[in-house]
Amino acid sequence: MTTTPRALLAAFTAATVLAALAACSPGGRVDPGPSGSASRPAGGLPGRVFYLGSPEDFSSTSLHEFSGGKGVETVEVDYATGWSSLNVSNDGSLVSYVSVDGQFDVVDNEIGGEPWGVAAGADPYCVEPVWSPQGVLLYGMGGVSGPSTVRVVPPGASRPEEKGAAVSCHYRYSADGTKIMAGALGEGAATVMDADLTGERDVTFEIPGREVTDLVDVGPGARRFCVSTVGAGEPVGDVTRAIQCDTVIDAATGQAVPLPLDGVTAVRFTADGSMLLRTEGTLTLIGASGEVVATVDEPAAYAGYSLLAYIP
Numbered sequence: 001m002t003t004t005p006r007a008l009l010a011a012f013t014a015a016t017v018l019a020a021l022a023a024c025s026p027g028g029r030v031d032p033g034p035s036g037s038a039s040r041p042a043g044g045l046p047g048r049v050f051y052l053g054s055p056e057d058f059s060s061t062s063l064h065e066f067s068g069g070k071g072v073e074t075v076e077v078d079y080a081t082g083w084s085s086l087n088v089s090n091d092g093s094l095v096s097y098v099s100v101d102g103q104f105d106v107v108d109n110e111i112g113g114e115p116w117g118v119a120a121g122a123d124p125y126c127v128e129p130v131w132s133p134q135g136v137l138l139y140g141m142g143g144v145s146g147p148s149t150v151r152v153v154p155p156g157a158s159r160p161e162e163k164g165a166a167v168s169c170h171y172r173y174s175a176d177g178t179k180i181m182a183g184a185l186g187e188g189a190a191t192v193m194d195a196d197l198t199g200e201r202d203v204t205f206e207i208p209g210r211e212v213t214d215l216v217d218v219g220p221g222a223r224r225f226c227v228s229t230v231g232a233g234e235p236v237g238d239v240t241r242a243i244q245c246d247t248v249i250d251a252a253t254g255q256a257v258p259l260p261l262d263g264v265t266a267v268r269f270t271a272d273g274s275m276l277l278r279t280e281g282t283l284t285l286i287g288a289s290g291e292v293v294a295t296v297d298e299p300a301a302y303a304g305y306s307l308l309a310y311i312p
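The opening residue of the sequence shown carries number 1 in full-length UniProt numbering; numbering runs sequentially from there.
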């Protein structure tokens, strides 16, 4: 029997949240090489695509879904840190986020209602909550006023597991859930580890003429990953995550991988090795062999939103 994220959080909150709360104190673009133009196959894009929207002052964050050719707003969070921490679970049923004071909440994305309190004193900026493809929930404690420690909640678990000090910011599960990467703030390097957070090794990379701002998304087996970049000498920003990414790196060579389209502003990997590429107003799903699987136009209203997640 597969444990859904909703069942996981129900068990987790029922058994441990009160104790946990009592115990805790409160783009630029790199030239991808030869460009291509995708032919448009019949049929739509499979799965669900999620976006974040926010006013200029980031006083709130709205989550939007695009699926079946339609767009819909699902959740709105009245926290500036929604932009830095909001994520969806592996099946899209739950939304997690951390408020500016470190309150970690999860809300049901499909039926709404009051959020579940998971922890106080969570990290809204560096080790923001993320979900593995298998439904493991990883998040950081601390970080608001000091270094983060990492916790995970496996499917079916009734309490979080402590995993020690964070090695960097922005932990990302690979698209198949076998690896984790972490890296941030223009380091030009990232740490790769197994899904149980052991076996750490460093991956270094260089993009001529560009500065890396953040690690954003990771392909199956952590063989490829996508980073956000800016021009050389431009500010790389702060600890808050980047959501857009423009450059795919081959972990074995540390070099950028040519992409089949110009103007890519977001990449999301899938477990089978496919990539969802976002260009201006268009989503293109590229298969593991490089073929165009689907190309669809985004709703015009989504032009100002940032692509957060793709669930095939």
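Ideal Cβ placement from N, Cα and C applies to all residues, glycine included.
Note that the structure is a prediction, hence the values are computed from the model and not measured.
Query, Result
"Straight-line Cα distance separating residue 278 from residue 83", "19 Å"
"Helix, strand or coil at residue 84 [DSSP, three-state]", "helix"
"Span separating the alpha-carbon of residue 293 from that of residue 120", "43 Å"
"Beta carbon of residue 63 nearer than 8 Å to that of residue 74", "yes"
"Whole-number beta carbon distance between residue 306 and residue 52, since they are thought to touch under 8 Å", "5 Å"
"Contact check, residue 247 vs residue 229, beta carbons under 8 Å", "yes"
"Cut-off 6 Å between Cβ atoms - residues of its own chain near residue 311, not counting five sequence neighbours on either side", "47, 48, 92"
"Delimiting residues of the beta strand (DSSP E) encompassing residue 333", "No statement about residue 333 is possible, as the shown extent of the chain runs from 1 to 312 and does not include it."
"Local Cβ density within 10 Å of residue 96, reported as buried at 16 or more and exposed below that", "buried"
"Residue 179 classed as buried or exposed, judged by whether at least 16 other C-beta atoms fall within 10 angstroms", "buried"
"DSSP-derived helix/strand/coil call for residue 68", "coil"
"Inter-stretch contact (C-beta, 8 Å, three-pair minimum) for the segment 182–197 and the segment 258–277", "no"
"DSSP state of residue 51 mapped onto helix, strand, coil", "strand"
"Residue 298 versus residue 216: straight-line alpha-carbon distance, rounded", "21 Å"
"Residues that residue 202 bridges to, as DSSP identifies them", "191"
"Unbroken stretches of the beta strand (DSSP E), 3 residues or longer, contained in the segment 148–174", "148–153, 161–165"
"DSSP bridge partner residues for residue 62 (one or two, in chain order)", "53, 76"
"Per-residue DSSP class, three states only, for residue 301", "helix"
"Residue 221, DSSP secondary structure in three states", "helix"
"Cβ neighbour criterion (16 or more within 10 Å) applied to residue 295", "buried"
"Residues near residue 165 by beta carbon distance below 7 Å, same chain, minus five either side", "147, 149"
"Beta-carbon gap between residue 239 and residue 184 smaller than 8 Å", "yes"
"Residue 161 Cβ short of 7 Å to the ligand ADP heavy atom set", "Among the ligands in the structure shown, none appear at all, so the ligand ADP cannot be discussed."
"Exposure label - residue 255; buried when at least 16 CB within 10 Å", "exposed"
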